[in-house]
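Have a look at the structure below, then the notes.
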Amino acid sequence: MNCEVCQLKELEVEHFEIREVLRCILHTIVFHRALGLVRPKDVDLELFEITYVQCGDVELEKKIDEKIDQFISWVEKHPNKKSQICLSFYEVKSKQPSWFTNKTERLYWEQWYVNLNVTQHPKHLSSKLHHTKVVVDPGESATEERSSRRAMVEASLREVLFQIIKFVNEKKDHVPPISEGVIYFPYEITMPSSSDSAFGMDMIKRMLHSGHPTMLS
Amino acid sequence: MDRESGKLEQIVSQFRSKILHVILDSRVPSLHQQQQESLSLSRVRKTDKWFNLVLGDRPPALENLNFSLRNLLDPMVIDIILVRHGSCSSSVDNLYVPSAAAAAAAAGPSIETVIERWVVQYDCPRVFATPSGADAAVSYKKIYKKCILLLRSLYTQMRLLPAYIIFRQLSSLSQTYNFDLVYKVSSFSHPFSREEEDGMKVYSFAPVEALPGCLCVSVTYHASLSDFNLEPLVSLPPKIITDYVGSPTTDPMRSFPSSERGAHATSFPLRGLRPPSSAPFQRPHSWSSGFHRGIPPTRTQSLAGSPPVYRTSPKPYDITSPPTDLYGNRIQNHRVSTLQQATAFDEYKLSPPFSPSASPSTPTYLSGANPLLTRHCSETAPVTIPLPLTGRSTRYLSPNSSDPSRHSLPPLSPRSSKHDASSQESPSGIRSYRKLEALRAGESPSGLSNLYSAPKVVRDSKDDSGRFSGLLSSSGSPRIGFSRSSSRLSFQDDMDDCEFSCPFDVDDVDVSDSSSQNTESKRASEFTAQSNLVGKKSQDAAVGILVHMLRTAPPLRQDSSCYSTHSLRTEYEGGVGIASGFFMPRKTADALEELNSYREMKDLLLSKSGMK
Chain E
0 MNCEVCQLKE LEVEHFEIRE VLRCILHTIV FHRALGLVRP KDVDLELFEI TYVQCGDVEL
60 EKKIDEKIDQ FISWVEKHPN KKSQICLSFY EVKSKQPSWF TNKTERLYWE QWYVNLNVTQ
120 HPKHLSSKLH HTKVVVDPGE SATEERSSRR AMVEASLREV LFQIIKFVNE KKDHVPPISE
180 GVIYFPYEIT MPSSSDSAFG MDMIKRMLHS GHPTMLS
Chain F
0 MDRESGKLEQ IVSQFRSKIL HVILDSRVPS LHQQQQESLS LSRVRKTDKW FNLVLGDRPP
60 ALENLNFSLR NLLDPMVIDI ILVRHGSCSS SVDNLYVPSA AAAAAAAGPS IETVIERWVV
120 QYDCPRVFAT PSGADAAVSY KKIYKKCILL LRSLYTQMRL LPAYIIFRQL SSLSQTYNFD
180 LVYKVSSFSH PFSREEEDGM KVYSFAPVEA LPGCLCVSVT YHASLSDFNL EPLVSLPPKI
240 ITDYVGSPTT DPMRSFPSSE RGAHATSFPL RGLRPPSSAP FQRPHSWSSG FHRGIPPTRT
300 QSLAGSPPVY RTSPKPYDIT SPPTDLYGNR IQNHRVSTLQ QATAFDEYKL SPPFSPSASP
360 STPTYLSGAN PLLTRHCSET APVTIPLPLT GRSTRYLSPN SSDPSRHSLP PLSPRSSKHD
420 ASSQESPSGI RSYRKLEALR AGESPSGLSN LYSAPKVVRD SKDDSGRFSG LLSSSGSPRI
480 GFSRSSSRLS FQDDMDDCEF SCPFDVDDVD VSDSSSQNTE SKRASEFTAQ SNLVGKKSQD
540 AAVGILVHML RTAPPLRQDS SCYSTHSLRT EYEGGVGIAS GFFMPRKTAD ALEELNSYRE
600 MKDLLLSKSG MK
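Read top to bottom, the protein sequences are chains E and F. Counting in numbering that gives the first Met the number 0, the first sequence runs from 0 upward without gaps. Counting in numbering that gives the first Met the number 0, the second sequence runs from 0 upward without gaps.
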């Protein structure tokens, strides 16, 4: 089975927007992979005019929030850096035990890469104030800048959500069969650790396990 | 063979029904409300299990539609139509429109525009070969799984399209709009005109292979709805009232000019005689100044059922704090869903910034006296202003006059009872008011003279209001108490321990009886006027009267007949019946006897004063 990989469009967000953006994206992905009996729950974002859907599982929501907290902690230690969160779905396969391997192994059949560029301050604000010749009230320009930036982020987030829908619709054959009583497929959320090299090693390991990934442009 | 084809037909049929349910539930507010009610129940229905998506009960209209579209090979076309009602000449006419339907009736001709068209079709060739055996089972499982995936993505996309914003606006209960969303389901559709197609986009979901055919779902939708000028019918801007009662920005001692001098709640009995500086007033009270403000607008909103919860908002009345107006109510609904608060009472709890600590001057006894006060205390915690019995609606008035202060005063009954008690406590033998005045003429001028003048004030107020409380409400303090000298204040100190109204009660009695007392001649029937005298409570006056009595009283061993003649004689001879008996020539024995009697009287007097 091939592992389908989806690289989502990069989003430029501010620190305080991370939680909402990640919640929206991760829950949307999981909702499309929670093929068991679900009671969908609509959630409105507070920062953007977007409504996304959760599958309504409390345990899942809690785990995702924990991962988001870890990611935010990482971002605080590595400010102004591009970061990536990987949401992987796998199957648990039993394997012949040997000296070096466990009894079970994970077969990743799908990976989603959420790319974020976390900025600390709006980067266009100061440059505009310097270059403009007309005396403008800095308060007004800051508000306009903030609102336009917010609209851009919202549009980008919508694009990402449409990207998810398109990927889900176009790629269906690799999805494993639905198990009885299981609401969602086993998943894993990985993020960059304290060192980037360790994160890269994790990715290589996963690639080795899953075989040759097909990249979605 | 038939069994397998039956399975496929069942999947296709249920798939169409499910899609219809998802679409209508996300576009038709009335159907969505029904679904919300059914979703509250925890049980999962048989229809919910199809495609593992719990949506609640299917509306009856849906069942009828399924029946009419039972030919699975026919496409199912679902049009979501935006109906815009014609605008009236004046928006004020729509101000009190009770419902959108009434507004629509009152408006002009409507304009209908198809903003979304969903087409669900099972493309199947006429001649086909159905799979059989194990292949068929695997095939149906795959078909079923892919249908689930398609429905998941369709459910998500429904919330990303522009029409969802309109749906959320119409779903909110706090406003009415000049537009509405309706739907039409049919097996055919009129093609769009070129103009209609200009602003529309098409999105087609990946077909689901359901051999021998495939399930196709596509949507044609308006990319932007800003051209339609969709606005609410009544758009009153939220008004934040900053100078409400209890606001920290208002002057807590703000009062009428006439009462400024005496506008101290320290005169109020339950607060004792604390000086004004020690009382941290944070808002005016009706009994102090008649200062009132209207109720914050969030009360009206809470009554209208607006969504609650603005705990994180810094504003006390956070009606809309969203990015745009369109999502104002939506975000409130989001808070309802995420925080699981379905009542408007939470906003109500937040809205007034009153807190029990904000008003230490609350006259606690009032709430006990009047049950209405207790009820209203729970709404605005420390405010115990008694309200009129007409109900809550009166709270929305802005009674910026002194009249409501009348209603805010404690009831009269405790005062009268207190008055009776005081009269009983007054020492016996209190003489006429005029004599009392004469006795104290040599004493502090601030005593009886002021006391004598007080009734006039009270009389005026009593004539105006018929109640002593009228005087109290306009000044917030007993004028007698604080407009006089210090000795008068000491007089008040003794009275304030028990009740507040005593001076007024006594004054009133003076008003009624002073005139009659002034016309009385000097008689021995002084005991009958004792209970009607002002200053009964003054021990000094009582002692003075008693001394006078003792001075004019005959010796103990003398006959009563001698007493009466003696007193008369003294009055006639002396003109002033004050201690006339001291100046009669007597023998030593008589003097000694008289001295003994006086000693006994003195002891008696001291014992009586000690008991008080």
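Built from N, CA and C at the ideal position, the CB exists for glycine as well. The structure displayed is predicted, hence computed values, not measured ones.
Among E:LYS66, E:VAL152, E:LEU21, E:TYR51, which has the Cα closest to the Cα of MET157 (chain F)?
Locating residue 157 (chain F) in the second sequence gives position 158, where the first residue counts as 1. Of the listed residues, the one whose Cα sits closest to MET157 (chain F) is E:TYR51.
Rounded to whole angstroms, what's the CA-CA distance from MET190 (chain E) to CYS146 (chain F)? Just pull it up for me.
On the first sequence, position 191 is the one that residue 190 (chain E) refers to. On the second sequence, position 147 is the one that residue 146 (chain F) refers to. Taking C-alpha positions only, MET190 (chain E) is separated from CYS146 (chain F) by approximately 32 Å.
ALA33 (chain E) (DSSP reduced to helix, strand or coil):
For the purposes of this step, residue 33 (chain E) is taken as residue 34 along the first sequence, with counting starting at 1. Here ALA33 (chain E) sits in coil by DSSP.
Put ILE188 (chain E) into one of helix, strand or coil per three-state DSSP.
Translated into positions along the first sequence, residue 188 (chain E) becomes position 189. Strand.
In the DSSP assignment, what residue or residues form a beta bridge with GLN6 (chain E)?
On the first sequence, residue 6 (chain E) is found 7 positions in, with the first residue counted as 1. Its beta-bridge partners are E:TYR112.
CA-CA distance, GLU75 (chain E) and VAL118 (chain F)?
The residue you call residue 75 (chain E) lines up with position 76 of the first sequence. The residue you call residue 118 (chain F) lines up with position 119 of the second sequence. Just so you know, the alpha carbons of GLU75 (chain E) and VAL118 (chain F) end up roughly 48 Å apart.
Give a yes or no on contact between the stretch 52-59 of chain F and the stretch 190-204 of chain F, applying the rule of three or more CB pairs nearer than 8 Å.
no
So with Cβ pairs under 8 Å, would you call PRO176 (chain E) a contact of chain F?
Residue numbering aside, residue 176 (chain E) sits at position 177 when the first sequence is read from its first letter. Cβ-Cβ to chain F under 8 Å: yes for PRO176 (chain E).
Could you spell out where the beta strand (DSSP E) holding SER93 (chain E) opens and where it closes?
Counting from one through the first sequence, the residue named residue 93 (chain E) turns up at place 94. For SER93 (chain E), the uninterrupted beta strand (DSSP E) segment begins and ends at 81-93.
Test: THR155 (chain F) CB closer than 8 Å to a CB of chain E
Locating residue 155 (chain F) in the second sequence gives position 156, where the first residue counts as 1. Judged by the 8 Å Cβ criterion, THR155 (chain F) is in contact with chain E.
Whole-Å CB distance - LEU169 (chain F) paired with ASP179 (chain F), under 8 Å assumed
Position 170 of the second sequence, counted from the start, is the residue given in the question as residue 169 (chain F). Position 180 of the second sequence, counted from the start, is the residue given in the question as residue 179 (chain F). Yes, they are in contact, since the Cβ atoms of LEU169 (chain F) and ASP179 (chain F) sit about 7 Å apart, within 8 Å.
Give me the residue from F:ARG151, F:SER138, F:LEU7, F:SER29 with the minimum Cα distance to ILE18 (chain F).
Position 19 of the second sequence, counting from 1, holds the residue named residue 18 (chain F). Closest by alpha carbon: F:ARG151.
Are the CB atoms of CYS5 (chain E) and TYR89 (chain E) within a distance shorter than 8 Å?
Residue numbering aside, residue 89 (chain E) sits at position 90 when the first sequence is read from its first letter. Residue numbering aside, residue 5 (chain E) sits at position 6 when the first sequence is read from its first letter. No; because the gap between Cβ atoms is not below 8 Å, this pair is not in contact.
Between the CA atoms of HIS20 (chain F) and ASN63 (chain F) - distance to the nearest angstrom:
Numbered from its first residue, the second sequence carries residue 63 (chain F) at position 64. Numbered from its first residue, the second sequence carries residue 20 (chain F) at position 21. Near 12 Å, if we compare the C-alpha coordinates of HIS20 (chain F) and ASN63 (chain F).
Helix, strand or coil for ASP56 (chain F) per DSSP?
For this step, residue 56 (chain F) is matched to residue 57 along the second sequence. Three-state result, ASP56 (chain F): coil.
Between the Cα of ILE17 (chain E) and the Cα atoms of E:GLU143, E:LYS102, E:GLN53, E:LEU46, which residue gives the shortest distance?
For the purposes of this step, residue 17 (chain E) is identified with residue 18 of the first sequence, where counting begins at 1. Ranking the options by Cα distance to ILE17 (chain E), first place goes to E:LEU46.
From F:LYS607, F:ASP78, F:HIS31, residue whose alpha carbon lies closest to that of SER186 (chain F):
Indexing the second sequence from 1 puts residue 186 (chain F) at position 187. The shortest Cα separation from SER186 (chain F) among F:LYS607, F:ASP78, F:HIS31 belongs to F:ASP78.
State buried or exposed for LEU591 (chain F), treating a residue as buried only when at least 16 other CB atoms are found within 10 Å of its CB.
Working through the second sequence from its first residue, we reach residue 591 (chain F) at position 592. Under this definition LEU591 (chain F) is an exposed residue.
Distance cut-off 7 Å: GLU111 (chain F) Cβ against heavy atoms of the ligand COA:
The ligand COA is absent from the structure shown, which contains no ligands of any kind.
SER140 (chain E) versus LYS80 (chain E) - alpha carbon distance:
Looking up residue 140 (chain E) in the first sequence gives position 141. Looking up residue 80 (chain E) in the first sequence gives position 81. Approximately 26 Å, taken between the alpha carbons.
First through last residue of the beta strand (DSSP E) which encompasses MET199 (chain F):
Here residue 199 (chain F) refers to the residue found at position 200 when the second sequence is read from its first residue. Bounds of the beta strand (DSSP E) holding MET199 (chain F) are 199-203.
Do the stretch 202-222 of chain F and the stretch 43-53 of chain F make contact, defined as three or more Cβ pairs closer than 8 Å?
Contact fails: fewer than three Cβ-Cβ distances are below 8 Å.
Own chain partners of GLU153 (chain E) with C-beta closer than 7 Å, once the 5 adjacent residues on each side are dropped
Counted from its first residue, the first sequence places residue 153 (chain E) at position 154. Result list for GLU153 (chain E): PHE47, GLU48, ILE49, in chain order.
Which residues in the same chain as VAL201 (chain F) place their Cβ atom closer than 6 Å to its Cβ, once the five residues preceding and following it in sequence are excluded?
Residue mapping note: residue 201 (chain F) aligns to position 202 of the second sequence, counting from 1. Taken in chain order, the residues that qualify are THR219.
Going by the CB atoms, is the gap between LEU115 (chain E) and LEU36 (chain E) shorter than 8 Å?
On the first sequence, residue 36 (chain E) is found 37 positions in, with the first residue counted as 1. On the first sequence, residue 115 (chain E) is found 116 positions in, with the first residue counted as 1. No, Cβ-Cβ distance for LEU36 (chain E) and LEU115 (chain E) is not below 8 Å.
CB contact below 8 Å: PRO185 (chain E) versus chain F
Numbered from 1 along the first sequence, position 186 holds the residue referred to as residue 185 (chain E). Output row for PRO185 (chain E): interface = no.
Taking beta-carbon pairs under 9 Å, can you tell me which members of the stretch 158-190 of chain F lie near chain E?
ARG158, LEU159, TYR163, ILE164, ARG167
Would a check of beta-carbon distances place LYS17 (chain F) closer than 8 Å to chain E?
Position 18 of the second sequence, counted from the start, is the residue given in the question as residue 17 (chain F). Output row for LYS17 (chain F): interface = no.
Where the beta strand (DSSP E) through TYR243 (chain F) begins and ends:
For the purposes of this step, residue 243 (chain F) is taken as residue 244 along the second sequence, with counting starting at 1. Run containing TYR243 (chain F): none; DSSP gives neither H nor E here.
Let me know the secondary structure DSSP gives GLU592 (chain F) once reduced to three states.
Here residue 592 (chain F) corresponds to residue number 593 of the second sequence, with the count starting at 1. Of the three classes helix, strand and coil, the one that applies to GLU592 (chain F) here is helix, per DSSP.
How would you list, in chain order, the residues of chain E whose beta-carbon sits under 9 Å from the beta-carbon of SER152 (chain F)?
Numbered from 1 along the second sequence, position 153 holds the residue referred to as residue 152 (chain F). Those are HIS31, ILE163, ILE164, LYS165, VAL167, ASN168, listed as they occur along chain E.
Is the beta carbon of LEU210 (chain F) sitting closer than 8 Å to the one on SER138 (chain F)?
Against the second sequence, residue 210 (chain F) aligns to sequence position 211. Against the second sequence, residue 138 (chain F) aligns to sequence position 139. In this structure, SER138 (chain F) lies closer than 8 Å to LEU210 (chain F) by Cβ.
At what residues does the beta strand (DSSP E) containing TYR163 (chain F) begin and finish?
Taking the second sequence and counting its residues from 1, one reaches residue 163 (chain F) at position 164. Run containing TYR163 (chain F): none in the beta strand (DSSP E); it sits in the alpha helix (DSSP H), 162-170.
Please determine, among E:LEU21, E:CYS2, E:PHE184, the residue with the shortest C-alpha to C-alpha distance to SER155 (chain E).
What you label residue 155 (chain E) is simply residue 156 of the first sequence in a count that begins at 1. Comparing Cα-Cα distances from SER155 (chain E) to each of E:LEU21, E:CYS2, E:PHE184, the minimum goes to E:LEU21.
Three-state secondary structure assigned by DSSP to THR248 (chain F):
Position 249 of the second sequence holds residue 248 (chain F). In the three-state DSSP reduction, THR248 (chain F) falls in the coil class, being neither helix nor strand.
Evaluate LEU72 (chain F) with the Cβ neighbour count: other Cβ atoms within 10 Å of its Cβ, from every protein chain shown; 16 or more gives buried, anything less gives exposed.
Position 73 of the second sequence, counted from the first residue, corresponds to residue 72 (chain F). Counting every other CB atom within 10 Å of its CB across the protein chains shown gives LEU72 (chain F) a total below 16, marking it as exposed.
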